[in-house]
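Undergrad: So our numbering is basically just the index in the sequence shown, starting at one, shifted up by 22. The structure under discussion is supplied below as structure tokens; questions concerning it will follow.
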Amino acid sequence: MGFYNDVILPRLCDLAMRNKELAPYRQRAARAAQGRVLEIGVGSGRNLPFYGATVTQLVGLEPAPRLLEMARHAPHLETPVDLVEASAEAMPIEDRSIDTVLTTWTMCSIPDVDRAMTEARRVLKPGGKLIFVEHGRAPEPNVRWWQDRLTPAWMRISGGCHLNRDIADVLTRNGFRIDEMRTGYMNGLKPMTFMYEGQASPR
């Protein structure tokens with residue numbers, strides 16, 4: 023699994039994230055960011071071209087070295103970008119130093135997502151916000167049934183991705199207030215395409 027996780031999986035992740043249907047989500051999320059921004063799970067840098075002039079500095083956090091290397095070569099605007107190899111559960115970021123935390127298709131695969139959200143709350147300034155675009159637990163019982171049964175096998179081939187995480191619950195149980203949220207399906211298989219998109223702030 024070492025070669026698969028270290029070499030093949032990063033390329034598969036980058037390929038999946040090239041899906042053109044994801045671009046409008048990326049644009050809305052990145053353009054809402056402002057000030058000093060922390061992107062958790064920057065991956066291969068697919069969000070970087072979408073950040074606007076309201077971002078003064080971007081810190082991109084990524085635990086996978088090969089994805090981080092791809093991000094170093096990704097196109098981006100003139101915003102200063104600092105790419106850091108680190109996990110979301112132990113962020114090398116100062117307390118209350120971030121204006122915006124951004125996550126896109128990331129919470130699904132963080133091993134200890136509760137710890138990561140505690141860390142996100144720690145680094146946010148008072149008045150800061152968390153912008154999220156995530157897939158997760160669907161509302162319909164029949165789709166949930168499939169999500170629960172597919173997740174163990176899916177995790178083994180997708181870098182730990184959970185199909186059945188309730189993103190709203192993850193946020194609220196870790197001290198965030200959801201200020202706005204839109205949900206719905208993208209095109210594709212329903213167990214994999216129920217989307218959560220919105221903003222939250224520390225309570």
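Cβ coordinates follow ideal geometry from the N, Cα and C atoms, glycine included.
Count the CB pairs spanning the stretch 78-88 and the stretch 105-114 that are closer than 8 Å, and state whether there are at least three.
TA: A contact exists between the stretch 78-88 and the stretch 105-114.
Undergrad: Would you mind giving the Cβ-Cβ distance between residue 47 and residue 202, rounded to the nearest angstrom? I have them listed as a contact below 8 Å.
TA: As a working mapping, residue 47 is identified with position 25 in the sequence shown. As a working mapping, residue 202 is identified with position 180 in the sequence shown. Not really, about 14 Å apart at Cβ, beyond 8 Å.
Undergrad: What are the start and end residues of the alpha helix (DSSP H) that includes residue 36?
TA: Taking the sequence shown and counting its residues from 1, one reaches residue 36 at position 14. Segment 31-38, the alpha helix (DSSP H) holding residue 36.
Undergrad: Can you tell me where the alpha helix (DSSP H) with residue 177 in it begins and where it stops?
TA: The residue you call residue 177 lines up with position 155 of the sequence shown. Segment 163-179, the alpha helix (DSSP H) holding residue 177.
Undergrad: Looking only at its own chain, which residues have a Cβ that is under 7 Å from the Cβ of residue 94, when we skip the five neighbours before and after it?
TA: Within the sequence shown, the letter at position 72 stands for residue 94. Only 105 meet the Cβ criterion.
Undergrad: Could you have a look at residue 133 and say whether DSSP puts it in helix, strand or coil?
TA: Within the sequence shown, the letter at position 111 stands for residue 133. Residue 133: coil per DSSP, three-state reduction.
Undergrad: Hey, how far is the Cα of residue 51 from the Cα of residue 127?
TA: Here residue 51 refers to the residue found at position 29 when the sequence shown is read from its first residue. Here residue 127 refers to the residue found at position 105 when the sequence shown is read from its first residue. Approximately 12 Å between the Cα atoms of the pair.
Undergrad: Could you check if residue 122 is buried or exposed, using at least 16 other CB atoms within 10 Å of its CB as the buried criterion?
TA: Residue 122 sits at position 100 when you count from the first residue of the sequence shown. With 16 or more other Cβ atoms within 10 Å, it is buried.
Undergrad: Short of 7 Å in beta carbon distance, which residues of its chain neighbour residue 56, apart from the five on each side in sequence? Order them along the chain.
TA: For the purposes of this step, residue 56 is taken as residue 34 along the sequence shown, with counting starting at 1. Here the set comprises 76, 77, 121 and 122.
Undergrad: Does the separation of the CB atoms of residue 187 and residue 225 fall below 8 Å?
TA: Residue 187 sits at position 165 when you count from the first residue of the sequence shown. Residue 225 sits at position 203 when you count from the first residue of the sequence shown. The answer is no: Cβ separation not under 8 Å.
Undergrad: Taking the continuous alpha helix (DSSP H) assigned at residue 214, which residues delimit it?
TA: Here residue 214 refers to the residue found at position 192 when the sequence shown is read from its first residue. Here the alpha helix (DSSP H) through residue 214 covers 212-215.
Undergrad: DSSP state of residue 208, grouped into three classes?
TA: Position 186 of the sequence shown, counted from the first residue, corresponds to residue 208. If DSSP states are grouped into helix, strand and coil, residue 208 belongs with coil.
Undergrad: Would you check if there are 3 or more beta carbon pairs closer than 8 Å linking the stretch 190-199 to the stretch 168-181?
TA: Short answer: they don't touch.
Undergrad: Give me the Cβ distance between residue 80 and residue 101, rounded to the nearest whole Å; I'm assuming they're in contact under 8 Å.
TA: The sequence position of residue 80 within the sequence shown is 58, counting from 1. The sequence position of residue 101 within the sequence shown is 79, counting from 1. About 5 Å; that satisfies the 8 Å criterion.
Undergrad: Please confirm whether residue 118 and residue 147 have their CB atoms less than 8 Å apart.
TA: Start at 1 with the first residue of the sequence shown, and residue 118 comes out as number 96. Start at 1 with the first residue of the sequence shown, and residue 147 comes out as number 125. Going by C-beta atoms, residue 118 is nearer than 8 Å to residue 147.
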